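Engineer: These protein sequence lines are chains A and B, in that order. Numbering (this note's numbering) for the first sequence: 1 to 268. Numbering (this note's numbering) for the second sequence: 1001 to 1296. For every residue, glycine included, the Cβ atom is placed at its ideal position computed from N, Cα and C. Please read these numbers as outputs of a predicted model, since none were measured by experiment. Have a look at this one before I ask anything.
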Amino acid sequence: MNQVRKLACVVVLVVCAMSAAANWLAPAGYAKQFREAPDAPPSRQHLLGTDEVGRDRFARVLYGTRISLLLAPAAALVSTALAALVGGLAGYLGGFWLRLARAFTDLFLSLPWLFLLITVRALLPLNVSPLTSVLITFLILGLLGWAASARVLSTSADALRDSDFILQARASGLHGPRLFLIHVLPNLKPVLYAQFWISIPVFILSEANLGILGLGVAEPLPSWGSLLRELEGLISFREEPWRLVPLLLLIVVMTSFQLLLSNEEVTA
Amino acid sequence: MSWKLLLWRTTQRLARKLTVIAALVLLGGLLSATLVRMAPGFDSDERELDPSLSSQSVNALRLSRAGEHNVFSFYMNYLRGAIHGDLGISHALGQPVKTLLRERWPVTVRVVGVGLLLAWLLALSLAFTACLGRRPAYEIFGITTSGAFLCIPAAVLALLSVILDAPGYLAIALIVFPKIYRYSHNLLAKAYGLPHITAARARGLSETRILACHVLPVAGPQMIALAGITVSIALGAAIPVEALCGLPGIGQLAWQAALSRDLPLLVNLTVMVTLVTLLANSGADVMVYMLARGES
């Protein structure tokens, strides 16, 4: 691991640790309103000031980071599992199933990702509890984000189907799900890991986009999307530069994820 | 290969592509209609809560949506109407969908078109500078700039363009640029690293000639394929840009349709966006095929 990747790893770990320690670092919590100090500038009490309803912005950034960083990998896990199931199985079975899976992934990929995401999210209830909105948002990301990974996995599984060791396993009498689970799936692991890691930053950005458009995590729960939505009221950067902290944090974390993913993984 | 044979094979390929496109577009429309139909609260209409409406008016409202209850019959009726040029009426905006699309397409075409053009210009100039300049500083600059924009959500770039009073197409350009830069830079670097290009340089061939005769034939086909993909990326980016910058285009319409669960509008938009994306990708694919066959 080179120095830059080590640094990126440290940055992600520090951000994760800080968000995990949000209860201690910001004991006031993300929802408590300091009604006497709405829109307050940074001070000792409120490191990043307060928002327009008087909530501590530092606490909201920490809790929002926790939600985004916890649930994006969860959504990536769902999408990778779906991709393994659809793409891996289709590649392994080949023929009609492979063509069907490819047609289905083509259909998903032919729609711009954000268009698909907004349409499906808007079809689900918007007036739900904050916790339900978090689950809906990230579940949608996981359930809709499998197509690109499935395409890669179907190609890899297709290439594996006629490999020597699979032919030998078949000749030894291993067939069906056992062959898939014992020989095909373990050989897809590197591609699965790569797809999992690639999906995380994509889902973090997607949640942020949904949040800014008002279709993400519901108030008062914070997420990077809802925190970035605050930029809507910003008139100039010079007046309140501390409002840019969530954006800077997002850029730092996303850059770290990019640096963590090596070229080989991205290619895979 | 003779030109007649090339033309025949290209026509065959084109016909196959068009059949696949038609099937995918129809499936996309059906998928969208099914999703909207299955959405919780599809049957409810806010207008029914209006206390000033009589029971007959409420019944009339319910009757107007009765045809949409069975998704297949709705979709069949929609297709029948679409063949005759009738795309239905938007529930939320109360206008014919055809009129809405006709009014809004030019805005999106302009914003997406100029944005794409700017993105390609910026990405290619940076990629060529990095590959031809052969100085680490150029490469670091390109990677850092594209990396920074890759890390910013499209909606944030749209918001920043509002704050800075910048045009919407600039936001689209900055959303698409990093993807083009990363890919085209890799392609060019790979092409410039080929042994025959090193040999050509050693023999004193000018950079322009190397580019035209040796680099573009290698990297060109994949760049054309990338051009098809960037149309889809730009269309996706148009949603937050138009919604947040207040541009009355297809992206804003899609956002409004999604929020108001406007079934006729959503189905039409899905069909249209799928069609444009597939046509762009297939057009690029056919061009690549023609170039490859023409060379052989």
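Note down the Cα distance separating ILE198(A) from LEU139(A), rounded to an integer number of angstroms.
Structural biologist: For ILE198(A) and LEU139(A), the distance between alpha carbons rounds to 17 Å.
Engineer: Taking the Cβ atom as the reference point for each residue, do GLY1142(B) and ALA1127(B) lie within a distance shorter than 8 Å?
Structural biologist: Taking 8 Å as the Cβ cut-off, GLY1142(B) and ALA1127(B) qualify as a contacting pair.
Engineer: Which of the three DSSP states is assigned to GLU264(A) in this structure?
Structural biologist: Interpretation of GLU264(A) is limited by its pLDDT of 47, a score under 50 that renders its predicted location unreliable; no figure is taken from the coordinates.
Engineer: Are the C-beta of GLY1283(B) and some C-beta of chain A separated by less than 8 Å?
Structural biologist: Not closer than 8 Å to any Cβ of chain A, the Cβ of GLY1283(B) fails to qualify, so no.
Engineer: Could you tell me whether the Cβ of ALA1258(B) comes closer than 8 Å to any Cβ of chain A?
Structural biologist: Chain A, which has a Cβ nearer than 8 Å to the Cβ of ALA1258(B), makes this yes.
Engineer: I'd like to know if GLU264(A) contacts chain B, where contact means its C-beta is closer than 8 Å to some C-beta of that chain.
Structural biologist: The predicted model places GLU264(A) with a pLDDT of 47, which falls under 50 and marks its position as unreliable; any figure quoted below should be read in that light. So, not an interface residue.
Engineer: Please identify, using Cβ separations under 9 Å, the residues of the region 1228-1244 of chain B that lie next to chain A, in order along the chain.
Structural biologist: For the region 1228-1244 of chain B, which is checked against every Cβ of chain A, the residues closer than 9 Å are SER1232, ILE1233, ALA1234, LEU1235, GLY1236, ALA1237, ALA1238, ILE1239, PRO1240, ALA1243, LEU1244.
Engineer: Quick check on ALA122(A) - is its C-beta less than 8 Å from some C-beta in chain B?
Structural biologist: Answer yes: the Cβ-Cβ gap between ALA122(A) and chain B drops below 8 Å somewhere.
Engineer: Nearest chain B C-beta to GLN258(A) closer than 8 Å, yes or no?
Structural biologist: True, the Cβ-Cβ gap to chain B drops below 8 Å.
Engineer: Please list, in chain order, all residues of the same chain as GLY87(A) whose beta carbon is under 6 Å from its beta carbon, the five residues on each side excluded.
Structural biologist: Cβ neighbours of GLY87(A) beyond the five flanking positions: ALA150, LEU153, SER154.
Engineer: Are at least three pairs of beta-carbons, each pair with one atom in the region 38-57 of chain A and one in the region 110-122 of chain A, less than 8 Å apart?
Structural biologist: Result no; under three Cβ-Cβ pairs closer than 8 Å.
Engineer: Answer with buried or exposed for GLU230(A), where buried requires no fewer than 16 other C-beta atoms within 10 angstroms of its C-beta.
Structural biologist: Buried.
Engineer: Could you have a look at PRO1096(B) and say whether DSSP puts it in helix, strand or coil?
Structural biologist: Looking at PRO1096(B) - three-state DSSP - the assignment turns out to be strand.
Engineer: Mind checking ILE1021(B): buried by the 16 CB within 10 Å criterion, or exposed?
Structural biologist: ILE1021(B) should be labelled buried.
Engineer: Would you say PHE165(A) reaches chain B, if we count a Cβ-Cβ gap shorter than 8 Å as a contact?
Structural biologist: Chain B contact via Cβ: absent.
Engineer: If the cut-off is 7 Å on Cβ atoms, which residues from the region 107-131 of chain A count as contacting chain B, listed in chain order?
Structural biologist: Within the region 107-131 of chain A, the residues whose Cβ lies closer than 7 Å to some Cβ of chain B are LEU107, SER110, LEU111, PRO112, TRP113, LEU114, PHE115, ILE118, THR119, VAL120, ALA122, LEU123, LEU124, PRO125, listed in chain order.
Engineer: Between the Cα of GLY29(A) and those of GLN258(A), LEU234(A), PRO220(A), spot the shortest distance and give me the residue it belongs to.
Structural biologist: Comparing Cα-Cα distances from GLY29(A) to each of GLN258(A), LEU234(A), PRO220(A), the minimum goes to PRO220(A).
Engineer: Examine the Cβ distances between the region 11-30 of chain A and the region 54-65 of chain A and report whether three or more of them are shorter than 8 Å.
Structural biologist: Enough Cβ pairs lie closer than 8 Å, so yes.
Engineer: Should the region 1261-1280 of chain B be regarded as contacting the region 116-124 of chain A, the criterion being three or more beta carbon pairs within less than 8 Å?
Structural biologist: Yes, the region 1261-1280 of chain B is in contact with the region 116-124 of chain A.
Engineer: Here's the rule I'm using: 16 or more other beta-carbon atoms within 10 Å means buried, otherwise exposed. How should PRO1051(B) be labelled?
Structural biologist: Flag for PRO1051(B) reads exposed.
Engineer: Would ALA103(A) pass as a contact of TRP97(A) if the rule is Cβ separation under 8 Å?
Structural biologist: Cβ atoms of ALA103(A) and TRP97(A): not closer than 8 Å.
Engineer: For GLU240(A), decide whether its Cβ has a neighbour in chain B, counting only Cβ atoms nearer than 8 Å.
Structural biologist: No, GLU240(A) does not count as interfacial toward chain B.
Engineer: Just the chain A side, please: which residues come within less than 7 Å of GLY1147(B) by C-beta, in chain order?
Structural biologist: Going along chain A in sequence order, the residues near GLY1147(B) (Cβ under 7 Å) are THR255, GLN258.
Engineer: For LEU1122(B), I'd like the list of residues in its chain whose CB is within less than 7 Å of its CB, leaving aside the five on either flank, ordered along the chain.
Structural biologist: ALA1173, PHE1177.
Engineer: Given this structure, state the Cα-to-Cα distance separating LEU1278(B) from SER1260(B), to the nearest angstrom.
Structural biologist: Whole-angstrom Cα-Cα distance: 27 Å.
Engineer: Within its chain, find whatever has a CB closer than 7 Å to the CB of HIS183(A); leave out the 5 residues flanking it on each side and keep chain order.
Structural biologist: Within the same chain, HIS183(A) has close Cβ partners PHE165, ILE166, ALA169.
Engineer: With 16 other CB atoms within 10 Å as the buried threshold, where does LEU100(A) fall?
Structural biologist: By the 10 Å Cβ count, LEU100(A) comes out exposed.
Engineer: Cβ atoms of ALA1238(B) and GLY1249(B): under 8 Å apart, would you say?
Structural biologist: Contact: yes.
Engineer: Just curious, the alpha helix (DSSP H) that ASN127(A) is in, first and last residue?
Structural biologist: Looking at the DSSP string, ASN127(A) is not in any alpha helix (DSSP H), and its letter there is neither H nor E.
Engineer: The alpha helix (DSSP H) spanning PRO186(A) covers which residue range?
Structural biologist: PRO186(A) -> alpha helix (DSSP H) spans 185-212.
Engineer: Which residues in chain A sit within 7 Å of THR1274(B), going by Cβ to Cβ distance?
Structural biologist: The contacting residues are SER110, LEU111.
Engineer: Taking the alpha helix (DSSP H) that TRP224(A) belongs to, which residues open and close that run?
Structural biologist: Its alpha helix (DSSP H) spans residues 224-229.
Engineer: Do ASN209(A) and LEU114(A) have their C-beta atoms closer together than 8 Å?
Structural biologist: The answer is yes: Cβ separation under 8 Å.
Engineer: Can you tell me where the alpha helix (DSSP H) holding HIS1185(B) begins and where it ends?
Structural biologist: HIS1185(B) -> alpha helix (DSSP H) spans 1168-1192.
Engineer: Where do the ends of the alpha helix (DSSP H) carrying PRO1051(B) lie?
Structural biologist: Taken as a continuous stretch (DSSP letters only), PRO1051(B) belongs to no alpha helix (DSSP H), as it is neither H nor E.
Engineer: Might you give, ordered along the chain, the residues of its own chain that have their beta carbon closer than 6 Å to the beta carbon of GLU264(A), omitting 5 neighbours on each side?
Structural biologist: Only weak support exists for where GLU264(A) lies, its pLDDT of 47 falling under 50; the coordinates are left without a value.
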